[in-house]
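This report refers to the structure that appears directly beneath it.
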Amino acid sequence: MTHRTTRPQPLDVPGILLALALSIVIVLPLLVVGVWAFTEIWRYPHVFPQQFGLRFWAQTLGRPDVWHALRLSLTLATVVTLASAIICLPAAYAFARMRFPGRDILFFSFLAGHAFPRFGLLMAIAAIFLQLDLIGTFWGVALIQLVNTLMFMIWIPVAAFQTVDRRMEEAARDVGAGPFRVFRSITLPQAASTIAAALLLTFVGTFYETEGAWLIGAPGIRTMPVLMISFINNQMVIQFGAVLSVMLWVPSFIALMFARKVIGGNAFAKGFGG
Amino acid sequence: MLGKASARGLVGLLLVALPVSLVGWLVIWPIISAVQRTVWRASPDGAGHFDLSSYVFFFSDAYSLNNLSLTLWTTSVCAALLLVVSLPIALYLRFARGRLASYVQALAILPMFVPSVILAYALIRVLGPNGLIDLLLNAAGLPKLRTPYLTPWGPVIGLVWDNIPLTVLILLSGLGAVGNSAIEAARDVGANRRQRLWHIILPQITTSILVALSFAVLGIFSAFTLPYLLGPASPEMMGPYMQRTFRDLNDPVGAVTQAVVTFGFCIVFGLFYVRSVARNQGK
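So the protein sequences, as listed, match chains V and Z.
Numbering of the first sequence is given in my numbering, commencing with residue 12 and proceeding in unit increments.
Numbering of the second sequence is given in my numbering, commencing with residue 113 and proceeding in unit increments.
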């Protein structure tokens, strides 16, 4: 499309309209939350906050339930990410590189979870967990979050392993490298960045997972999003929710920066069937 | 003795055994068991019998039916709005280049990185009573907004917001397959913008539109967080209804019945979605 840029550009009216509309609809609500987090007094009908300050940061950070939830969410996200890496990465390698009976059917079985409305599926799982006494336990929540990460941690790494140049692997094997050596020195380094992005997205996705945590975990297991729900429902102090939102959004922002590479490509939308 | 090829095949099977059995245990088994436990009850004498009473209750209970119709209404309104909002964005992104286009793309994808709890909180602060819109209306001397918060429109706004990124991405990937040459040829023979959209572009992205809609329907039909936080307490959407039946009313059979009903309403979309993903992957 380089020849287009040489012509003088007419004013991009639809672009300006879209940019404006999206700025108002997407950015403004988030901005309001950001402002609330640093506001001490903002009473109706003042259009702008009357007093800014960090008083509510101190109060929010002084709450033991916030620290407890933060620690729990980080532990949970770490455990689920590690577990799905250990479970899924070898399998992804096998799907990408090996031939075995039933390979295609088994590969597409990971899609099964996506053919059903999500919360309905969680409900069906919860009914099983009820019999197994997993309701309200850490491992119950970890297992239900694993359901969300399984497909993602298989499909993205499979794509990553498939892009590794086979000829390089074969060349290494020709000069006498064993299969593990080939994997460690050739395959893994080339697939590493995509896999790292997948791991990061899994971690962040698990950190924010709300529905499974609420359905299986409440009231005993209170992750950050579950705590946030109770802040919203009880409406005690507006700023608590705002401060928590800003804190919660930090990992998301890091993920956004890292994931641009994975999501920018068409591959991501293709994975969703586009 | 095993041959080398079949030994390698065995290793492959062993490597995938764990995640595949997890899918079996945590996805496929719960679905089978959900259907089974809602149609088959154990009798006191130990034998089981066929029993559809929980479905009979669901489809004769006015409250359940209200919840179901609210869910159907919300899903169809959201799907229609999503298409109306996302198609222009995707069309613009397909043909535009430059910094403004990257800005529009970045904003259209941003909601993917905003957790629904934060979104719910933000929308309450903007659209809720005495929220930002009320402040601005009041400053302009206008009457207050009839707030959509805690009405059926609350979840609609939130769910559309939340689903814009994936809809745009799926449509955009479909538009990528529409060749420039076909569009330019149509322009050369005098087709105007609308004709080019209607006769050249839309027929080629019908599948993408259907995939995007299926994906949205599957997500919205049983949505929980946004309807729970932004929607009315009664009637409620299927997601909050199931959760309340399970946790507050302690009625797992009722909740699972509701889940199976949502499966039934979404099965067509689910199968279509899986088929197109599988096809795409096979290419």
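Glycine included, C-beta positions come from ideal geometry on N, C-alpha and C.
Small disclaimer: the values here were computed from a predicted structure and weren't measured.
Out of the options, state which residue places its alpha-carbon closest to the alpha-carbon of residue i.
i             : options                    : result
residue 98/V  : 164/V, 156/V, 123/V, 132/V : 164/V
residue 145/Z : 219/V, 70/V, 36/V, 134/V   : 134/V
residue 195/Z : 352/Z, 320/Z, 219/Z, 294/Z : 320/Z
residue 107/V : 122/V, 225/V, 202/V        : 202/V
residue 174/V : 156/V, 62/V, 197/V         : 197/V
residue 184/Z : 387/Z, 392/Z, 377/Z        : 377/Z
residue 192/Z : 249/Z, 322/Z, 223/Z        : 322/Z
residue 112/V : 359/Z, 128/Z, 355/Z, 382/Z : 128/Z
residue 136/V : 373/Z, 388/Z, 137/Z, 370/Z : 137/Z
residue 44/V  : 128/V, 62/V, 249/V         : 249/V
residue 129/V : 201/Z, 219/Z, 370/Z, 277/Z : 370/Z
residue 218/V : 40/V, 91/V, 74/V, 188/V    : 91/V
residue 155/V : 132/V, 170/V, 177/V, 191/V : 132/V
residue 32/V  : 358/Z, 135/Z, 201/Z, 166/Z : 201/Z
residue 374/Z : 116/Z, 134/Z, 162/Z, 167/Z : 167/Z
residue 37/V  : 172/Z, 223/Z, 256/Z        : 223/Z
residue 144/V : 228/V, 78/V, 56/V, 242/V   : 228/V
residue 133/Z : 264/V, 162/V, 242/V, 223/V : 162/V
residue 174/Z : 347/Z, 385/Z, 360/Z        : 347/Z
residue 159/V : 127/V, 186/V, 146/V        : 127/V
residue 227/Z : 182/V, 29/V, 222/V         : 222/V
residue 102/V : 89/V, 166/V, 53/V, 84/V    : 166/V
residue 265/V : 237/V, 214/V, 89/V         : 214/V
Taking Cβ positions, are residue i and residue j nearer each other than 8 angstroms?
i             : j             : result
residue 339/Z : residue 331/Z : no
residue 303/Z : residue 26/V  : no
residue 380/Z : residue 187/Z : no
residue 286/Z : residue 317/Z : yes
residue 164/Z : residue 147/Z : no
residue 325/Z : residue 199/Z : no
residue 262/V : residue 206/V : no
residue 80/V  : residue 247/V : no
residue 157/V : residue 94/V  : yes
residue 50/V  : residue 40/V  : no
residue 231/Z : residue 265/Z : no
residue 205/Z : residue 213/Z : yes
residue 295/Z : residue 308/Z : yes
residue 124/Z : residue 239/V : no
residue 161/Z : residue 149/Z : no
residue 46/V  : residue 248/Z : no
residue 364/Z : residue 138/V : yes
residue 179/Z : residue 353/Z : yes
residue 245/Z : residue 239/Z : yes
residue 349/Z : residue 203/Z : no
residue 216/Z : residue 30/V  : yes
residue 197/Z : residue 276/Z : yes
residue 335/Z : residue 271/Z : yes
residue 86/V  : residue 251/V : no
According to DSSP, what are the bridge partners of residue i?
i             : result
residue 387/Z : Paired residue(s): none; residue 387/Z is not in a bridge.
residue 153/Z : 161/Z
residue 187/Z : Residue 187/Z is not bridged to any residue.
residue 63/V  : 50/V
### Query
Which residues, in order along the region 286-314 of chain Z, keep a beta-carbon less than 8 angstroms from a beta-carbon of chain V?
286, 288
### Task
Taking only beta carbons into account, state which residues of the region 37-60 of chain V come closer than 8 angstroms to chain Z, listed in chain order.
37, 38, 39, 40, 41, 43, 44, 47, 55, 56, 57, 58
### Query
What residues in the region 121-132 of chain V have a beta carbon less than 9 angstroms from any beta carbon of chain Z?
121, 122, 123, 124, 125, 126, 127, 128, 129, 130, 131, 132
### Task
Can you give me, in chain order, the residues of the region 337-349 of chain Z that have a beta carbon less than 7 angstroms from any beta carbon in chain V?
Using a CB distance below 7 angstroms, the part of the region 337-349 of chain Z facing chain V consists of 337, 341, ordered along the chain.
### Message
Taking beta-carbon pairs under 9 angstroms, can you tell me which members of the region 65-80 of chain V lie near chain Z?
### Response
none
### Task
Determine which residues of the region 218-241 of chain V have a Cβ less than 8 angstroms from any Cβ of chain Z, and write them out in chain order.
Per Cβ criterion, the list reads 219, 221, 222, 225, 226, 229, 236, 239, 240.
### Query
What are the residues of the region 189-201 of chain Z that lie near chain V, defined by any Cβ-Cβ distance shorter than 8 angstroms?
200, 201
### Task
Taking only beta carbons into account, state which residues of the region 142-159 of chain Z come closer than 8 angstroms to chain V, listed in chain order.
142, 143, 145, 146, 149
### Task
Ignoring anything shorter than 4 residues or poking outside the region 68-147 of chain V, list the alpha helix (DSSP H) runs there in chain order.
Within the region 68-147 of chain V, the complete alpha helix (DSSP H) runs of at least 4 residues are 75-108, 114-120, 129-142.
### Task
Taking only beta carbons into account, state which residues of the region 159-172 of chain V come closer than 7 angstroms to chain Z, listed in chain order.
161, 165
### Query
At what residue ranges does the region 168-229 of chain Z contain a whole run of the alpha helix (DSSP H), taking only runs of 4 or more?
Whole alpha helix (DSSP H) segments, 4+ residues: 174-207, 211-221.
### Query
Along the chain, which unbroken stretches of the alpha helix (DSSP H) at least 4 residues long are found entirely within the region 198-278 of chain V?
199-219, 235-245, 249-275
### Query
Can you list, in chain order, the residues of the region 252-268 of chain V whose Cβ is nearer than 7 angstroms to any Cβ on chain Z?
252, 256, 259, 260, 263, 266, 267
### Query
When you check each C-beta in the region 230-241 of chain Z against every C-beta of chain V, which residues fall closer than 8 angstroms?
230, 231, 232, 233, 234, 235, 236, 237, 238
### Secondary structure, alpha helix (DSSP H): runs of 4+ residues fully inside the region 339-377 of chain Z
350-359
### Segments assigned beta strand (DSSP E), at least 3 residues, entirely inside the region 300-335 of chain Z
If only complete runs of 3 or more residues are kept, the region 300-335 of chain Z shows no beta strand (DSSP E) anywhere.
### Message
Residues of the region 365-379 of chain Z in Cβ contact with chain V at a cutoff of 7 angstroms, in chain order, please.
### Response
For the region 365-379 of chain Z, the set of positions with a beta-carbon nearer than 7 angstroms to some beta-carbon of chain V reads 367, 368, 371, 374, 375, 378 in chain order.
### Task
Run through the region 228-261 of chain Z for me and flag every whole alpha helix (DSSP H) of 4 or more residues, listed as ranges in chain order.
DSSP runs (the alpha helix (DSSP H)) wholly in the region 228-261 of chain Z: 228-239, 244-251.
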